[in-house]
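The listed protein sequences derive, respectively, from chains P and L. Numbering follows this note's numbering, with no gaps: position 18 of the first sequence is 176. Numbering follows this note's numbering, with no gaps: position 98 of the second sequence is 256. Built from N, CA and C at the ideal position, the CB exists for glycine as well. All remarks here apply to the structure that follows.
Protein chains: 2
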Amino acid sequence: MNAKGGTNSFDGHPQVTNTNIAELNQGIDAWVENDFSGACPVRDLLDRIGDKWSVLIILRLGQQDERFRALLRAIEGISQRMLTVTLRGLERDGLVHREVFDTRPPSVVYSLTPLGVSLLGHISSLTDWALENATTVELAKSRYDANT
Amino acid sequence: MNAKGGTNSFDGHPQVTNTNIAELNQGIDAWVENDFSGACPVRDLLDRIGDKWSVLIILRLGQQDERFRALLRAIEGISQRMLTVTLRGLERDGLVHREVFDTRPPSVVYSLTPLGVSLLGHISSLTDWALENATTVELAKSRYDANT
DNA sequence: CTGAATCCCATCGGATACTG
DNA sequence: CAGTATCCGATGGGATTCAG
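Next comes the structure, spelled out in structure tokens:
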């Protein structure tokens, strides 16, 4: 099955047409051709949200602003190092805002920027998809593995 | 700035409320707690679309079904090995269908499954976001790097 | 509390060569 | 054409230690 010959509509989500996808691929190609040196924005985004922690941090900050230590406790399994590293990356990309309160002991609060909030919507629809189709995917894997 | 205290609406996209995000986090937590052994569907999805080639392949197959060699030419920079490996992964997850035509020489056509098509919508809205906000992000990086 | 610096290993993915 | 197998360098990320 494929997407040929028409418009695929998804319940409640924006419609996707072949034209859209074609334009997208063209957009990507354009970046690849014009500046092969590296900076494809799609690649960049995938590298970010593809890393181990960025999405979980964005989802958490989508709920509420939070301090460093609180994030460390909230996000199960993350190391201190990776929390700082990932937050720096998100801050650099303009997705997360870092505010320092000069108290004793020091307090630093992280929050989503407007840009971060705008990304949050797309990310959560993706993670929604993952949760909704978890069993389907799991089933597909079992069937695939069964047929060796 | 943050998402506290209300509903964030995005132009043309589904609305995102704090409740949604909270439920999402709960959903993730549930998986983490109940089966820490590994299989969080969100983690799984991120691992897949976070790898170097899956998204590009899905976008390409969203345009048209295609044979192995054609994909290899279409997707700039991918190695033969990674194309097979990635296609196997996508097939295992039930996102891509593989059809073998027993001709000489052999021909194998890949296409998106209905599940793959349903994911395509979310992915393309993400990559759309990346292209739309590319300059904004680039600017944020420059400003961040400037302030060392 | 918030972080930077170091060490170190597991995995990802590219190059290359070989098969049906 | 459509793969598989091996080798191997680059990178991601955890544990630990030190600093303001």
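Below 8 angstroms on the Cβ atoms is my contact criterion, and I expect residue i with residue j to pass it. Report the Cβ-Cβ distance as a whole number of Å.
| i | j | result |
| --- | --- | --- |
| threonine 244(P) | isoleucine 281(P) | No, threonine 244(P) and isoleucine 281(P) are not in contact; Cβ-Cβ is about 14 angstroms, not under 8 angstroms. |
| aspartate 205(P) | valine 295(L) | In fact, because the Cβ distance is near 12 angstroms, the residues do not count as touching under 8 angstroms. |
| valine 266(P) | arginine 225(P) | 6 angstroms |
| leucine 217(P) | asparagine 183(L) | 6 angstroms |
| glycine 220(P) | leucine 284(P) | With 8 angstroms as the limit, glycine 220(P) and leucine 284(P) do not qualify as a contact, their Cβ atoms being about 13 angstroms apart. |
| alanine 288(L) | proline 272(P) | Rounded, the Cβ-Cβ distance is 16 angstroms, inconsistent with contact. |
| isoleucine 179(P) | tryptophan 211(P) | Their Cβ separation, rounded to whole angstroms, is 29 angstroms, which puts isoleucine 179(P) and tryptophan 211(P) out of contact at 8 angstroms. |
| leucine 229(P) | tyrosine 268(P) | 7 angstroms |
| isoleucine 155(L) | glycine 274(P) | As displayed, chain L neither begins before 159 nor continues past 306, which places residue 155(L) out of reach and without an answer. |
What would DSSP say about residue i, mapped onto helix, strand or coil?
| i | result |
| --- | --- |
| arginine 218(P) | helix |
| leucine 270(L) | strand |
| aspartate 193(P) | Residue confidence for aspartate 193(P) is low, a pLDDT of 44 falling below 50, so the modelled location carries little weight and cannot support an answer. |
| serine 276(L) | helix |
| asparagine 160(L) | Note that asparagine 160(L) has pLDDT 40, beneath the 50 cutoff, so the model's placement of it is unreliable and no number is given. |
| glutamate 296(L) | helix |
| leucine 234(L) | The residue asked about is misnamed: residue 234(L) is glutamate in this sequence, not leucine. Residue state, collapsed to three classes: coil. |
| arginine 301(P) | helix |
| arginine 256(L) | strand |
| arginine 262(L) | coil |
| isoleucine 281(L) | helix |
| leucine 204(L) | helix |
| glutamate 290(P) | helix |
| arginine 227(L) | helix |
| threonine 306(L) | coil |
Does any heavy atom of the ligand ZN sit closer than 8 angstroms to the C-beta of residue i?
| i | result |
| --- | --- |
| serine 265(P) | Summarising the ligand content, the structure contains no ligands, and the ligand ZN is consequently not present. |
Q | Cβ pair count under 8 angstroms reaching 3, the region 245 to 260 of chain P against the region 231 to 240 of chain L | A | Fewer than three pairs of CB atoms, one per stretch, sit closer than 8 angstroms, so the region 245 to 260 of chain P makes no contact with the region 231 to 240 of chain L.
Q. Using Cβ-Cβ distances below 8 angstroms, what residues of the region 238 to 251 of chain L are close to chain P?
A. Taking 8 angstroms as the Cβ-Cβ cut-off against chain P, the residues of the region 238 to 251 of chain L that qualify are Glu249, Arg250, Asp251.
Q.
Which residues of the region 215 to 227 of chain L have a Cβ closer than 9 angstroms to any Cβ of chain P? Give them in chain order.
A. Closer than 9 angstroms at the C-beta level to chain P, one finds these residues of the region 215 to 227 of chain L: Leu217, Arg218, Leu219, Gly220, Gln221, Gln222, Asp223.
Q.
Counting only Cβ-Cβ distances shorter than 8 angstroms, please list the residues of the region 265 to 290 of chain P near chain L, keeping chain order.
A. From the region 265 to 290 of chain P, only Ser269, Leu270, Thr271, Pro272, Leu273, Val275, Ser276, Leu277, Leu278, Gly279, His280, Ile281, Ser282, Ser283, Leu284, Thr285, Asp286, Trp287, Ala288, Leu289 have a Cβ closer than 8 angstroms to chain L.
Q: Identify each residue in the region 290 to 305 of chain L for which the Cβ-Cβ distance to at least one residue of chain P is less than 7 angstroms, and report them in chain order.
A: Listed by position, the residues of the region 290 to 305 of chain L near chain P (Cβ gap below 7 angstroms) are Asn291, Ala292, Thr294, Val295, Ala298, Lys299, Tyr302.
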